[in-house]
Amino acid sequence: MPTTAPTDPVPGLAAYSEVTASEASLRRFLHGLPGVDQVGAEARAAGLGTRSIKTTAKAWALDLAIRMVDLTTLEGQDTPGKVRALANKALRPDPADPSCPSVAAVCVYGDLVGEVKEIVGDRVNVAAVATAFPSGRASMDIKLADTRDAVANGADEIDMVIDRGAFLAGHYLQVFEEIVATREACVRPDGTHAHLKVIFETGELQTYDNVRRASWLAMLAGTDFIKTSTGKVQPAATLPVTLVMLEAVRDFREATSVQIGVKPAGGIRTAKDAIKYLVMVNEIAGDDWLDPDWFRFGASTLLNDLLMQRTKMTTGRYSGPDYFTLD
Amino acid sequence: MAFEYAPAPESRSIVDIKPSYGLFIDGEFVDGRGSSFKTINPATEETLAEIAEASEADVDLAVRAARRAFRGWSRMSGKERAKYLFRIARIIQERGRELAVLESIDNGKPIKESRDVDVPVVAAHFFYYAGWADKLSYAGLGPDPQPLGVAGQVIPWNFPLLMLAWKVAPALACGNTVVLKPAETTPLTALLFAEICQQADLPPGVVNIVTGAGTTGQAVVSHPDVDKVAFTGSTDVGKAIARAVAGSDKKVTLELGGKAANIVFDDAPMDQAIEGIVGGIFFNQGHVCCAGSRLLVQESVADEVLARLKRRMGTLRVGDPLDKNTDVGAINSAEQLARIRELSDIGESEGAERWAPECALPSSGFWFPPTVFTGVTQAHRIAREEVFGPVLSVLTFRTPAEAVEKANNTPYGLSAGVWTEKGSRILHMASQLRAGVVWANTFNKFDPASPFGGYKESGYGREGGRQGLAAYLKGADL
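Chains as they are written, first to last, in the numbering used here: chain L, 317 to 643; chain U, 8 to 485.
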């Protein structure tokens, strides 16, 4: 995972500096992206969902999916005790099986980063949500302070939300500048930077055209990851929304040589669903993205189903939910 | 590390293929009086069963059985006929997996298509026409429309069971009885359908199935007591049938070849258009009369479209039709493979550029990789003749008018596709294209409520929908 701040401007992005120079040029660019036909996109996602992943392929996919989980708790009732339990789970998801890999990261509110960090150290990343998560409704200063605070607490990754109101009002440059500013707020005193994920809340953007535009907007602003949802709005992640975002990162890399990661979050609860996402990553973006550095699942309950299926693959039997830890 | 999908074969233990099959006449399986032939699995060349080849005398028996059954069937109330059709539809759903596996084994098409497209659409056709059976007086085809009598139906090998459904369901709903000849290379699902007719207690003789090749088909369509001929297949055979029945009072519908244009404008939803191009030509190995075999792409986006298309073609999985992850299956027969090879070689020798993704093809069976030809013009044979295989010809155009001109510049006129985000352009193109079906921002969509049929050498008459009833009722014209 890149931990140093990208040189500014990123070389491949230089060609797009004029695009982001003004509100008008940015709007022209985003509105000039090819449209997404809803019926076709949903049919494609559903078609990929019928792939049959069995035996060795399934075992491989389950382990990869576990390594891609951002184990998440984002509740008002989160306590130090709760997040510590989650941190331990992240390190050893299946205490009965030492061969089970750790997850990618633990995702919490910014004030609880320290608690998690104490337990996981550098073995698992700590991600913090910021910028007035989940609504994004606060002034810019507060959003940036929120971000700096989380970074100062030791967050390895920052999951920011965009201002959906600004986006839907057509103030694309404002959204762009917020992402740029947040990225700058991710820089640590030593010059390294916390990894930035930009959450669109696709359930509020609603159209696939908007999802494609938001994806390009965030990528041009220098994000490391694009993420579907906060988990607080329904629908959260869906296969077709993720499909459109995977197409965007694929096309963006082709245009700029810069690779961006994708994180569907919220609503992915079963191993079967997770495998459908991995099939989609494989067939849309390609196997370069089949890595926790480039694809994540924002989830909580998903992990136990992955563990249960993994145990089934190794022992040949389903064990009950009581054999997996509840945190 | 790459994500390798492990083999996920659908079990074939669900189907029970008998060593030999007779003819289905008057509600019973009977031995044919003619010779027999073998049907093989095109993916492995393994012989599946010995099939009776119906002689002229066998066909005569079948027509007589149908004529006898017509009396009762045509006088039965529509409501009663509907009960049988609903029952058949439900049995098709119940035995869907069996039908899908058998279809893939005999035809070579991927199980995901036989399972997710063929069989569900077959059941939908029976359900749809079952619904019409007691409402014929309200179809806008006269106050009390009457059936024609005995229908002689000859169907192709590309969608064996689906084409059977397109023919049998409306015929029966309208009160006709049928003698159906499935294609020589794909008789097995029709014979399983015969079993389903028995299971549904369909009165004997209402459906008769005579297997065989061209001569059997000829005997069916030219039998003097056949009132209606319905044929789906090649334009050459269609013309021969039209000549054979000329001068008789047989009513005829023909659904023949095609060379559809799939037209991609520069403002198309690009990723979905690529899917539409791929689905348009590689669905069912391109063995589709309405396949989008000519890609007309606006020159300003041609390079981008081609690059994306080739990348997408690289992800197509060619191989075992019974593997649930197979996208492109086997070519149906050695004969068809030879024709695809011949036309492709001609395309190359005429100067078009041939490209296919790297894909390992099985060593036995009939296979052809998904192939695209670029630099194709209207003067190339691969742009004019129906290849009926996974071979796409790419042509460019500059303006909408040129797209229309090129799309229509073919002896065929079965289908067309238009890809653009501009609604008004879709309507304009649809009004200009001389094709029976025009799909907008989609391709190869079939629904029993939608009529299907061609212009020019693609045939005449419509199947499906309310219009499909007219082909099986007296005096009903569209």
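Glycine is no exception: its CB is placed at the ideal position from the N, C-alpha and C atoms. Only a predicted model underlies this, so the values are computations on that prediction, with no experimental measurement involved.
Do we get a CB-CB distance below 8 Å when we pair residue i with the residues of chain U?
| i | result |
| --- | --- |
| K588/L | no |
| M317/L | Below a pLDDT of 50, predicted positions are generally treated as unreliable, and M317/L, at 44, falls in that range; the measurement from the model is reported next regardless. So, not an interface residue. |
| E521/L | Residue 521/L is actually Leu in this sequence, not Glu. No - not a single Cβ of chain U is within 8 Å of the one on L521/L. |
| L402/L | no |
| T518/L | no |
| D353/L | yes |
| K370/L | yes |
| L606/L | yes |
For residue i, decide whether its Cβ has a neighbour in chain L, counting only Cβ atoms nearer than 8 Å.
| i | result |
| --- | --- |
| K116/U | no |
| G283/U | yes |
| T406/U | no |
| M436/U | no |
| E365/U | no |
| T384/U | no |
| M170/U | no |
| A50/U | no |
| N448/U | yes |
| Q279/U | yes |
| T333/U | no |
| P150/U | no |
For residue i, I'd like the list of residues in its chain whose CB is within less than 8 Å of its CB, leaving aside the five on either flank, ordered along the chain.
| i | result |
| --- | --- |
| T546/L | L390, V445, F449, P450, V477, I515, E517, A552, A581, G582 |
| V394/U | G293, S300, R346, I347, L350, S351 |
| M456/L | E494, A497 |
| K25/U | A56 |
According to DSSP, which residues form a beta bridge with residue i?
| i | result |
| --- | --- |
| C423/L | T388/L, A443/L |
| G614/L | D386/L, A581/L |
| K258/U | K235/U |
| N215/U | V186/U |
| K452/U | Answer by DSSP bridge pairing: none, since K452/U is not bridged. |
| R31/U | According to the sequence displayed, residue 31/U carries Phe and not Arg. Paired residue(s): F36/U, I216/U. |
| M476/L | A446/L, V514/L |
| P154/U | L480/U |
| I3/U | Only positions 8 to 485 of chain U appear in the structure, and residue 3/U is not among them; the question remains open. |
| K45/U | E57/U |
| G159/U | V186/U, V236/U |
| Q490/L | Per DSSP, none; premise fails for Q490/L. |
| I270/U | L303/U, V425/U |
| K543/L | I515/L, K579/L |
If we call anything under 8 Å between Cβ atoms a contact, is residue i one with residue j?
| i | j | result |
| --- | --- | --- |
| Q279/U | G356/L | yes |
| A267/U | G424/U | yes |
| Y12/U | R360/L | no |
| P16/U | D334/U | no |
| G149/U | P49/U | no |
| L364/L | K588/L | no |
| N165/U | V295/U | yes |
| A298/U | G283/U | no |
| L195/U | L55/U | yes |
| F373/U | S340/U | yes |
| Y662/L | V352/L | What is shown of chain L runs 317 to 643, which leaves residue 662/L out entirely. |
| G470/L | G430/L | yes |
| V401/U | F380/U | yes |
Among the residues of its own chain, which have a CB less than 6 Å from the CB of residue i, if the five just before and after it don't count?
| i | result |
| --- | --- |
| K543/L | K513, I515, K579, A581 |
| W610/L | G577 |
| N441/L | A421, D472, E473 |
| A401/L | D643 |
| A176/U | H132, F133, Y136 |
| M561/L | S531, I542, V578 |
| T417/U | K266 |
Thinking residue i and residue j are a contact (beta carbons under 8 Å), I'd like their distance in whole angstroms, please.
| i | j | result |
| --- | --- | --- |
| S43/U | I58/U | 6 Å |
| V108/U | R250/U | 39 Å between Cβ atoms; not a contact. |
| S422/U | G321/U | S422/U to G321/U, Cβ: 27 Å. No contact. |
| G224/U | V161/U | 5 Å |
| D386/L | R612/L | 5 Å |
| A178/U | Y479/U | 5 Å |
| K174/U | L187/U | 6 Å |
Please list, in chain order, all residues of the same chain as residue i whose beta carbon is under 7 Å from its beta carbon, the five residues on each side excluded.
| i | result |
| --- | --- |
| C502/L | T463, V467, I474, H509, A510, L512 |
| G182/U | W80, S81, R88, P154 |
| T447/L | K459, D462, T463, M476, V477, T498 |
| D327/U | P16, A50, T333 |
In the region 416-435 of chain U, which residues sit with their C-beta less than 8 Å from some C-beta in chain B, listed in chain order? Absent from the structure: chain B. Protein chains present are L and U.
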